[in-house]
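Worksheet for the structure shown next.
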Amino acid sequence: MTEPNELKVEALLDIINSSARKAMAEYNNTGHGVPGVDAGTLHPLDLATDTLALRKAIRLLEGACEQLNTILAPPQHTVHNYVNNYNWACIDVAVQSRIADVLDKHPEGLSVDVLADVVDLDKTKIARVLRVLALRGCFKEVKRDVFANTRLSLMLKAPNNVGFYIKTQREFPKYAAVLYETMVDQEFARSDKLEKAPRVFTLGKECKNNSFWEMDDEARDIFHKAMMGYSEIQGLSAVPHHYPWDNVSSMVDVGSGTGSMSIPLAKLFPHLRITNQDLPETMKLSRNTWETNAPEILLDGRVEFVPFNFLEESPVVGKDVYYLRSIIHSWPDEESRVILRNVRKAMGPNSRVLIHECVLSRPFEEPDVGVNESNEDHKAPEPTLLNFGSHTTHQIDMIMWLVVNGKERTLKEFMDIGASAGLVLTQTYDLVGTMLLEFRIAQD
Numbered sequence: 001m002t003e004p005n006e007l008k009v010e011a012l013l014d015i016i017n018s019s020a021r022k023a024m025a026e027y028n029n030t031g032h033g034v035p036g037v038d039a040g041t042l043h044p045l046d047l048a049t050d051t052l053a054l055r056k057a058i059r060l061l062e063g064a065c066e067q068l069n070t071i072l073a074p075p076q077h078t079v080h081n082y083v084n085n086y087n088w089a090c091i092d093v094a095v096q097s098r099i100a101d102v103l104d105k106h107p108e109g110l111s112v113d114v115l116a117d118v119v120d121l122d123k124t125k126i127a128r129v130l131r132v133l134a135l136r137g138c139f140k141e142v143k144r145d146v147f148a149n150t151r152l153s154l155m156l157k158a159p160n161n162v163g164f165y166i167k168t169q170r171e172f173p174k175y176a177a178v179l180y181e182t183m184v185d186q187e188f189a190r191s192d193k194l195e196k197a198p199r200v201f202t203l204g205k206e207c208k209n210n211s212f213w214e215m216d217d218e219a220r221d222i223f224h225k226a227m228m229g230y231s232e233i234q235g236l237s238a239v240p241h242h243y244p245w246d247n248v249s250s251m252v253d254v255g256s257g258t259g260s261m262s263i264p265l266a267k268l269f270p271h272l273r274i275t276n277q278d279l280p281e282t283m284k285l286s287r288n289t290w291e292t293n294a295p296e297i298l299l300d301g302r303v304e305f306v307p308f309n310f311l312e313e314s315p316v317v318g319k320d321v322y323y324l325r326s327i328i329h330s331w332p333d334e335e336s337r338v339i340l341r342n343v344r345k346a347m348g349p350n351s352r353v354l355i356h357e358c359v360l361s362r363p364f365e366e367p368d369v370g371v372n373e374s375n376e377d378h379k380a381p382e383p384t385l386l387n388f389g390s391h392t393t394h395q396i397d398m399i400m401w402l403v404v405n406g407k408e409r410t411l412k413e414f415m416d417i418g419a420s421a422g423l424v425l426t427q428t429y430d431l432v433g434t435m436l437l438e439f440r441i442a443q444d
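Quick note: the sequence shown, position 427, residue 427 per full-length UniProt numbering, numbers continuous.
Right, here's the structure in full:
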């Protein structure tokens with residue numbers, strides 16, 4: 001008889017095989033085949049707005065591979081791997097020195113001697129950095145001391161929004177380094193307030209800019225480009241493809257930023273009237289972005305820009321949908337309730353609220369009752385770990401804690417916050433990494 005743990009390993013191998021084949025099929029469906037690990041150009045699927053099927057396959061593949069390693073590798077090896085990772089530092093060097101931009105002009109490769117002169121860094125150290133990243137398929141050494149881009153390193157080019165997102169991450173390790181200290185500090189330990197985040201502890205308790213949200217124009221521009229990059233990383237552009245927008249005539253993008261969701265939505269659904277709402281200074285940036293990326297939509301009058309503060313005011317009244325993406329996770333429960341109550345005041349009897357966030361799964365929670373889920377594949381199959389063994393949602397939860405004392409939430413926690421504002425969860429959509437949660441007004 002096969003031992004139970006062996007059966008789990010065999011099941012994981014089956015998941016790895018089947019999910020890899022599903023991913024390959026998605027690439028082959030484009031007519032361009034599966035990309036090579038050292039491909040120097042982007043695959044058409046890399047630029048697609050709806051890659052949900054691919055992302056679902058990769059979610060299974062990544063989770064099963066990591067779980068298999070955890071089972072079979074010596075525990076010392078696995079635990080050491082948790083901390084012995086400086087890819088982030090090497091990526092930061094590449095982004096700050098714009099190595100990918102330089103190599104983009106030399107698709108055949110560039111010697112490290114010339115590259116070092118162009119970026120004004122030591123050639124030996126640059127080579128060490130690039131070799132670390134090349135081991136993961138980010139850059140490639142085409143011959144000794146000659147490096148070129150790959151489809152991964154192309155993400156690091158200066159105009160790429162993903163590169164801006166990476167730039168915003170470079171200070172985060174400093175905040176993480178004092179996490180324990182903040183958990184034992186008398187002033188910080190039990191506070192969920194923005195001004196008691198590890199970021200503030202790191203910068204000093206007398207930090208003038210305690211609020212992460214207080215930015216000058218340059219920082220604000222970088223932040224919103226980074227949020228566009230986050231949208232690409234998380235595949236948030238799947239929302240227009242997987243919600244019934246044909247049945248919606250008007251929507252408010254609450255805390256819209258510069259329009260990373262509303263611009264593609266407006267292009268796909270010409271009947272839809274969109275209201276962008278955010279702080280006044282963000283609305284100026286947003287209008288500029290729309291003028292650059294969607295001037296034809298501005299001309300037909302389907303879009304309006306209305307400044308407001310969602311902690312102090314309600315959005316425009318009586319629209320069909322109120323969409324909040326990556327808003328609630330930035331705030332503690334008290335402020336989150338305020339935001340949703342302000343939205344509730346603006347809703348008509350048939351209005352819906354769409355909360356688009358990471359959703360955490362935890363063991364030993366009561367099953368969710370009364371929620372009409374659009375499908376069942378959001379549940380990780382046996383024997384994969386909770387959240388498909390994926391670190392993504394919990395890592396973003398850590399980022400929110402470190403930077404603004406925010407947090408990701410479970411489905412039940414979202415339901416509870418919604419209920420406090422008179423809202424009931426009616427539908428969920430699994431978008432991989434994030435979920436779209438539809439709320440309506442609770443009936444008495």
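Cβ atoms here follow ideal geometry from the backbone N, Cα and C, with glycine treated the same way.
Minimum C-alpha distance to residue i - residue among the options
i, options, result
"Val-353", "Arg-362, Leu-360, Asn-342", "Asn-342"
"Asn-309", "Lys-284, Val-321, Pro-280", "Pro-280"
"Gly-255", "Ala-197, Leu-13, Leu-402, Val-306", "Val-306"
"Lys-332", "Val-95, Gly-406, Thr-150", "Sequence inspection shows Pro at residue 332; the Lys mentioned does not correspond to that position. With distances taken between Cα atoms, Pro-332 lies closest to Gly-406."
"Ser-336", "Gly-418, Val-129, Ser-191, Val-321", "Gly-418"
"Met-347", "Thr-393, Leu-135, Lys-267, Asp-320", "Asp-320"
"Leu-437", "Cys-138, Met-415, Asp-444", "Met-415"
"Trp-401", "Tyr-323, Val-200, Pro-295, Leu-54", "Val-200"
"Arg-220", "Leu-7, Gly-109, Met-435, Lys-284", "Lys-284"
"Arg-173", "Met-215, Thr-202, Phe-147", "With the sequence shown as reference, residue 173 is identified as Pro, and Arg is not the correct amino acid for it. Of Met-215, Thr-202, Phe-147, the residue nearest in Cα terms is Thr-202."
"Val-409", "Asn-5, Pro-349, Ser-326, Arg-131", "Strictly speaking, residue 409 in this sequence is Arg, with Val absent from that position. The shortest Cα separation from Arg-409 among Asn-5, Pro-349, Ser-326, Arg-131 belongs to Ser-326."
"Leu-121", "Ser-111, Arg-136, Gln-443, Ser-97", "Ser-97"
"Gln-443", "Asp-397, Asn-29, Thr-30, Asn-350", "Asn-350"
"Cys-90", "Val-112, Gly-109, Arg-131, Ser-111", "Arg-131"
"Thr-282", "Leu-324, Lys-196, Trp-213", "Trp-213"
Close Cβ partners of residue i (< 8 Å) along its chain, the five nearest in sequence each way excluded
i, result
"Met-24", "Val-34"
"Pro-381", "Ile-15, Leu-60"
"Leu-272", "Trp-245, Val-248, Ser-249, Ser-250, Met-251, Leu-265, Ala-266, Arg-302"
"Thr-51", "Glu-26, Leu-45, Gly-235, Ala-238"
"Leu-423", "Leu-340, Arg-344, Val-353, Phe-439, Arg-440, Ile-441, Ala-442"
"Met-398", "Ala-176"
"Glu-108", "Val-142, Ala-148"
Assigned secondary structure, residue i (DSSP; H/G/I helix, E/B strand, else coil)
i, result
"Thr-2", "coil"
"Ala-148", "strand"
"Met-398", "helix"
"Glu-357", "strand"
"Gln-427", "strand"
"Ile-441", "strand"
"Glu-304", "strand"
"Ser-256", "coil"
"Gln-277", "strand"
"Arg-21", "helix"
"Gly-370", "In this prediction, Gly-370 has a pLDDT of 48, which is less than 50 and means its spatial position is unreliable; what the coordinates show is noted afterwards. Looking at Gly-370 - three-state DSSP - the assignment turns out to be coil, as it is neither helix nor strand."
"Arg-337", "helix"
"Val-9", "helix"
"Val-321", "strand"
"Arg-190", "coil"
"Lys-412", "helix"
"Leu-61", "helix"
"Glu-195", "helix"
Whole-Å CB distance - residue i paired with residue j, under 8 Å assumed
i, j, result
"Leu-298", "Glu-291", "6 Å"
"Phe-223", "Thr-289", "With 8 Å as the limit, Phe-223 and Thr-289 do not qualify as a contact, their Cβ atoms being about 13 Å apart."
"Val-239", "His-356", "7 Å"
"Val-403", "Tyr-175", "7 Å"
Contact set for residue i: own chain, Cβ-Cβ below 7 Å, skip 5 residues either direction
i, result
"Ala-421", "Arg-337, Leu-340, Arg-341, Arg-344"
"Ala-134", "Lys-140, Glu-141"
"Gly-433", "Gln-234, Gly-235, Cys-358, Thr-392, Thr-393"
"Asn-375", "Reliability of the predicted coordinates at Asn-375 is poor, the pLDDT of 49 falling under 50, and no value is obtained from them."
"Thr-426", "Asn-372, Glu-438, Phe-439, Arg-440"
"Leu-54", "Ala-23, Glu-26, Leu-45"
"Val-317", "Ala-346"
"Val-162", "Met-155, Gly-229, Glu-232, Ile-233"
"Gly-370", "Residue placement at Gly-370 cannot be trusted, given a pLDDT of 48 that sits under 50; the coordinates are not used to answer."
"Asn-293", "Ile-263"
Neighbourhood of residue i by C-beta, 6 Å cutoff - its chain only, sequence neighbours within 5 removed
i, result
"Tyr-230", "Tyr-165"
"Thr-78", "Thr-70"
"residue 470", "With the chain represented from 1 up to 444, any question about residue 470 goes unanswered, as that position is not in the structure."
Residue i: CB within 6 Å of a non-hydrogen atom of the ligand FAD
i, result
"Val-93", "Within the structure as shown, the ligand FAD is missing, as the structure has no ligands at all."
contact_flag[the region 35-49, the region 4-24] where n(CB pairs < 8 Å) is 3 or more: no
Given 8 Å, three or more beta-carbon pairs between the region 176-184 and the region 228-247: no
Cβ contact check for the region 90-104 and the region 143-155: 3 or more pairs under 8 Å: yes
Three CB pairs or more closer than 8 Å across the region 184-201 and the region 73-88: no
Given 8 Å, three or more beta-carbon pairs between the region 258-274 and the region 224-234: yes
Stretch-stretch touch, CB-based, cutoff 8 Å, three pairs: the region 51-58 with the region 109-121: no
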